[in-house]
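Residue numbers (my numbering), protein chains in the order written: chain X, 28 to 137; chain R, 44 to 155.
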């Protein structure tokens with residue numbers, strides 16, 4: 028069965044420190060993975076998708092099929108990065124159904 | 044483009060009442076998704092439609108929940124009768140084939 032696990036509900040770092048938000052997945056097919064961000068009481072926005080291999084707002088994520096992971100990283104956290112981050116897996120194949128992890132609330136302290 | 048539009052933004056209702064949440068997807072998007080967000084369970088997919096046809100409603104928690112998409116520009120999620128445990132933020136999202144999800148701002152439902 029498809030599953031997305033984000034082991035940390037809360038993560039707190041200081042401004043300028045590196046940050047890593049963990050995501051592990053379980054899926055029998057070829058995975059397609061995403062990171063979404065939700066700023067306080069706003070809508071979810073796409074941050075990254077693994078197939079585009081891009082860097083958005085300084086964040087990167089690499090798909091590691093051996094470890095079934097898709098961790099989100101940023102070398103120097105900023106206060107405006109404080110938000111809820113969701114890892115998501117396309118578990119529907121061509122039907123494109125996203126299964127989300129439970130999210131990690133990142134707080135960047137000044 | 045106004046994005047995915049959901050209404051109402053907030054809804055407070057008494058237990059036992061019928062609640063209807065509305066969603067207008069982005070014009071041209073052919074898939075629509077309803078999600079429920081709670082602190083305990085995170086984001087759960089309730090149901091999704093492709094070309095107005097329900098594809099997977101396995102996430103709908105109970106028969107009290109129903110969803111319709113009568114045309115490409117409108118969908119409703121109905122809860123009848125509502126219960127306090129239905130209190131959550133309900134998100135609608137749409138996408139076009141080959142594109143990513145675009146989420147609405149959500150409806151915050153409180154059942155007292």
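All C-beta atoms, glycine included, are put in the ideal place defined by N, C-alpha and C.
Quantities reported herein were computed from a predicted structural model and do not represent experimental measurements.
Listed by chain order, chain R residues near residue i by CB distance under 9 Å
i	result
residue 32 of chain X	Neighbours of residue 32 of chain X on chain R: none; closest Cβ ~11 Å, over 9 Å.
residue 76 of chain X	143
Contact list for residue i against chain R, beta-carbon separation under 7 Å
i	result
residue 127 of chain X	85 and 86
Where residue i meets chain X, residues with beta-carbon distance less than 9 Å
i	result
residue 108 of chain R	Going along chain X, no residue has its Cβ under 9 Å from residue 108 of chain R, so there is no contact; the nearest lies around 18 Å.
residue 144 of chain R	61, 63, 71, 73, 115, 123 and 125
Environment of residue i [buried if 16+ CB atoms lie within 10 Å]
i	result
residue 68 of chain R	buried
residue 93 of chain X	exposed
residue 28 of chain X	exposed
residue 91 of chain R	buried
residue 37 of chain X	exposed
residue 65 of chain X	buried
Cross-chain neighbours of residue i in chain X, by beta carbon under 7 Å
i	result
residue 130 of chain R	Chain X residues near residue 130 of chain R: none, gap ~16 Å exceeds 7 Å.
residue 91 of chain R	124
Three-way DSSP call (helix, strand, coil) for residue i in this model
i	result
residue 53 of chain X	strand
residue 52 of chain R	coil
residue 79 of chain X	helix
Nearest neighbour of residue i, chosen from the options [CA to CA]
i	options	result
residue 71 of chain X	R:154, R:152, R:105 and R:143	R:143
residue 97 of chain X	X:109, X:110, X:103 and X:78	X:78
residue 160 of chain R	R:110, R:145 and R:114	Because chain R in this structure spans residues 44 to 155, residue 160 of chain R falls outside the shown range and cannot be described.
residue 105 of chain R	R:128, R:96 and R:119	R:128
residue 68 of chain X	R:122, R:133 and R:98	R:133
residue 155 of chain R	R:121, R:56 and R:52	R:56
residue 76 of chain R	R:152, R:126 and R:117	R:117
residue 115 of chain R	R:103, R:138 and R:107	R:138
residue 72 of chain R	R:153, R:81, R:108 and R:112	R:112
residue 95 of chain X	X:137, X:54 and X:41	X:54
Report task. Report yes or no: do three or more beta-carbon pairs, one from the segment 74-89 of chain X and one from the segment 45-62 of chain R, lie closer than 8 Å? Result -> no
Query raised in the report: Does the pairing of the segment 96-115 of chain X with the segment 45-54 of chain X give three or more beta-carbon distances under 8 Å?
Result: yes
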